[in-house]
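**Student:** Structure in structure tokens, see below.
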Amino acid sequence: MTNTANIVFQQALETALGITEALGTALGNEIVLVRDLRGRIRPVLPTKKKKDWPELDKYRSDLSAQLGAYAFDAARSVLFRDELTEPDVVLSERRLLKQRNGLSIYLLDRQIIGQDWMRDALQRTTTNPRVTFFGLKGGVGRSTALVNWAWHLAEQGKKVLVFDLDLESPGISSSLLPPDRLPDYGVVDWFVEDGVGQAHVVEGELLVRSPLAQGLDGEISVIPAYGARTEDYLPKLARCYAEFSGDQPESWAERLQKFVERMEKQYAPDVVILDSRAGLHDIAAVLATRMEAVTLLFAIDTPQTWRGYELLFKHWRSHPHLTTFRTNLQVIAGMVPDTGRDAYLQGFKEHAWDIFRDNLYDVTGPDDLDTFSFDLDDESAPHAPVPIFWHRALMEFDPSKGGIDRKTAEEAFSLFFEQADRLLATTDQD
Numbered sequence: 314m315t316n317t318a319n320i321v322f323q324q325a326l327e328t329a330l331g332i333t334e335a336l337g338t339a340l341g342n343e344i345v346l347v348r349d350l351r352g353r354i355r356p357v358l359p360t361k362k363k364k365d366w367p368e369l370d371k372y373r374s375d376l377s378a379q380l381g382a383y384a385f386d387a388a389r390s391v392l393f394r395d396e397l398t399e400p401d402v403v404l405s406e407r408r409l410l411k412q413r414n415g416l417s418i419y420l421l422d423r424q425i426i427g428q429d430w431m432r433d434a435l436q437r438t439t440t441n442p443r444v445t446f447f448g449l450k451g452g453v454g455r456s457t458a459l460v461n462w463a464w465h466l467a468e469q470g471k472k473v474l475v476f477d478l479d480l481e482s483p484g485i486s487s488s489l490l491p492p493d494r495l496p497d498y499g500v501v502d503w504f505v506e507d508g509v510g511q512a513h514v515v516e517g518e519l520l521v522r523s524p525l526a527q528g529l530d531g532e533i534s535v536i537p538a539y540g541a542r543t544e545d546y547l548p549k550l551a552r553c554y555a556e557f558s559g560d561q562p563e564s565w566a567e568r569l570q571k572f573v574e575r576m577e578k579q580y581a582p583d584v585v586i587l588d589s590r591a592g593l594h595d596i597a598a599v600l601a602t603r604m605e606a607v608t609l610l611f612a613i614d615t616p617q618t619w620r621g622y623e624l625l626f627k628h629w630r631s632h633p634h635l636t637t638f639r640t641n642l643q644v645i646a647g648m649v650p651d652t653g654r655d656a657y658l659q660g661f662k663e664h665a666w667d668i669f670r671d672n673l674y675d676v677t678g679p680d681d682l683d684t685f686s687f688d689l690d691d692e693s694a695p696h697a698p699v700p701i702f703w704h705r706a707l708m709e710f711d712p713s714k715g716g717i718d719r720k721t722a723e724e725a726f727s728l729f730f731e732q733a734d735r736l737l738a739t740t741d742q743d
């Protein structure tokens with residue numbers, strides 16, 4: 314039996330849920346469990362109806378006694394909806410945990426970071442397709458693939474707009490732009506100036522065309538993380554995630570959407586590519602699930618990679634809007650070795666299928682037709698790996714100096730180009 318004095322984080326929510334469910338509807342039909350920044354939990358009940366309410370007294374006592382370090386004292390262990398200021402606003406981001414026998418139990422999670430992984434897509438007014446390049450870790454070939462695909466699209470005559478949003482580790486900009494071709498300002502400058510209400514001061518000096526597309530029918534334009542006149546990069550970086558625009562409160566996600574839309578309207582691209590920060594930070598969450606973008610999930614076949622994606626997918630499993638973005642996910646097998654490829658890709662596919670099946674695919678029966686579920690060997694499935702083959706010439710890849718070698722691109726990326734083009738065409742039709 315667990316000592317309540319040593320109860321740990323995940324046990325606290327399980328315990329609070331069990332205590333709440335056991336009382337049924339005695340305290341109301343809807344109860345919201347609020348977990349604060351420390352992880353402490355207390356419920357919000359609909360209304361305090363009675364002076365003598367033994368069920369409430371027991372509920373207070375049980376929560377205080379059983380949640381250990383994650384409890385409030387009995388006197389503060391319960392809140393009431395009609396005591397809250399603007400309860401509809403305060404409770405708006407709750408998510409359903411359990412619904413049974415007329416009782417609905419919700420969770421409102423107060424987090425410093427991590428909330429964007431569970432939020433709905435942002436509203437947008439532009440219609441061009443977007444593609445996010447995402448990976449849990451660096452070193453999986455994400456940036457190299459992005460540069461080559463942008464070149465491939467420009468070769469087809471498309472206008473491509475690339476945002477370098479990996480602000481903690483900017484690199485895509487230098488691959489697409491030689492130092493002497495940088496614009497005056499970059500992404501961090503826009504956010505800092507927007508914070509004081511004057512983003513328009515730099516908006517005309519953020520975008521520049523990449524010489525990589527010179528001689529092609531299309532164009533590649535880049536908005537880099539920083540520009541030639543960007544100074545004090547780290548102090549700016551520390552401020553660009555602020556949640557205000559001028560004098561108005563505005564989330565970073567909303568500010569990013571505003572920024573991207575302004576540039577889309579100015580440039581009118583055929584496709585926008587968003588280079589995401591790696592890892593599980595909220596910045597990556599916005600780009601992966603909230604921008605209405607096809608999201609390419611870069612991976613290599615290692616236990617560390619799959620464990621990381623499993624943690625993310627388990628979190629997504631309870632996403633209130635999972636069905637709106639899971640159809641836009643596609644796994645990319647980066648740096649597939651040049652020997653034993655078939656065996657490597659088979660193992661990769663099996664590992665990817667395991668976590669998709671257990672977390673994101675619907676549980677289906679023999680007569681279920683309209684469900685989001687795929688067999689292991691379904692080549693159209695999001696878990697089916699789109700391969701990018703390891704190539705020695707890519708070890709010293711620097712297109713800003715030598716451009717793109719067509720033979721190398723075809724040998725390493727031909728299947729990736731084909732599948733990425735198909736996903737883009739599907740998005741364009743939608």
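Counting in our numbering, the sequence shown runs from 314 upward without gaps. Note that beta-carbon positions come from the ideal geometry of N, C-alpha and C, so glycine has one too.
1. Tell me the rounded alpha-carbon separation between R735 and S693.
2. Residues in the same chain with beta-carbon distance under 6 angstroms from F687, minus the five sequence neighbours each way, listed in chain order, please.
3. Can you tell me whether DSSP reads I354 as helix, strand or coil?
4. Give the secondary structure of I425 by DSSP, where H, G and I count as helix, E and B as strand, and everything else as coil.
5. Can you grab the Cα-Cα spacing for the pair Y372 / Y554, in whole Å?
6. In terms of alpha-carbon separation, which member of F726, Q732 and S558 lies closest to A458?
7. Given a threshold of 16 other Cβ atoms within 10 Å of its Cβ, counted over all protein chains shown, does R542 qualify as buried or as exposed?
8. Out of A335, G510 and L478, which has the shortest C-alpha to C-alpha gap to M604?
9. Just verifying my parser: in three-state terms, what is the DSSP assignment at S631?
10. If you draw a straight line from the alpha carbon of F685 to that of Y674, how long is it in whole angstroms?
11. Tell me the rounded alpha-carbon separation between E399 and S405.
12. Between the alpha carbons of G452 and A591, how many angstroms are there, rounded?
13. Output needed for N646: all residues of its chain with C-beta closer than 6 angstroms, excluding positions within five of it in sequence on either side, in chain order.
14. To the nearest angstrom, report how far apart I586 and V321 are at their CA atoms.
15. Taking DSSP's pairing of strands, which residues face T608 in a bridge?
16. For a test of the three-state rule: what should DSSP assign to P698, helix, strand or coil?
17. What are the partner residues of V649, as DSSP defines its beta bridges?
18. Are the CB atoms of H696 and A665 nearer to each other than 8 angstroms?
19. State the Cα-Cα distance for the pair T739 and L609, rounded to the nearest angstrom.
20. Which one or two residues does DSSP pair with K549 in a beta bridge?
21. Please list, in chain order, all residues of the same chain as G540 whose beta carbon is under 8 angstroms from its beta carbon, the five residues on each side excluded.
22. Ends of the beta strand (DSSP E) at E532?
23. Measure the alpha-carbon distance for I613 versus A384 and round it to whole angstroms.
24. Quick check on S456: does DSSP put it in helix, strand or coil?
25. Does DSSP classify E577 as helix, strand or coil?
26. In whole angstroms, what is the alpha-carbon distance linking V509 and A597?
27. Go ahead and pull the three-state DSSP assignment for V402.
28. For the alpha helix (DSSP H) containing V514, name the first residue and the last one.
29. Which same chain residues, not among the five before or five after L642, have their C-beta less than 7 angstroms away from its C-beta?
30. Quick one: what's E481 bridged to in DSSP?
31. Would you identify the three-state DSSP class for D370, choosing helix, strand or coil?
32. In whole angstroms, give me the CA-to-CA distance for R630 and V573.
33. At what residue ranges does the segment 662-691 contain a whole run of the beta strand (DSSP E), taking only runs of 3 or more?
34. Rank W366, A382 and L600 by C-alpha distance to the C-alpha of R348 and give the top, closest one.
35. Any idea which residues DSSP pairs S558 with across the strands?
36. Judging by CA-CA distance, which residue of A339, A463 and A329 is the nearest neighbour of F729?
**Tutor:** Short version:
1. 11 angstroms
2. A694
3. strand
4. Here I425 scores only 49 on pLDDT, less than 50, and its place in the model is too uncertain to base an answer on.
5. 40 angstroms
6. F726
7. exposed
8. L478
9. coil
10. 6 angstroms
11. 10 angstroms
12. 10 angstroms
13. The sequence shown places Ala at residue 646, rather than the Asn named in the question. Hits under 6 angstroms: F661, P698 and P700.
14. 41 angstroms
15. T445 and L642
16. coil
17. F702
18. yes
19. 14 angstroms
20. Answer by DSSP bridge pairing: none, since K549 is not bridged.
21. L495, P496, D497, Y498, G499, D502, E518 and L519
22. E532 to I536
23. 42 angstroms
24. helix
25. helix
26. 24 angstroms
27. helix
28. H513 to E516
29. T608, L610 and P695
30. BP columns for E481 are empty, so no partner.
31. helix
32. 28 angstroms
33. none
34. A382
35. Q561
36. A463
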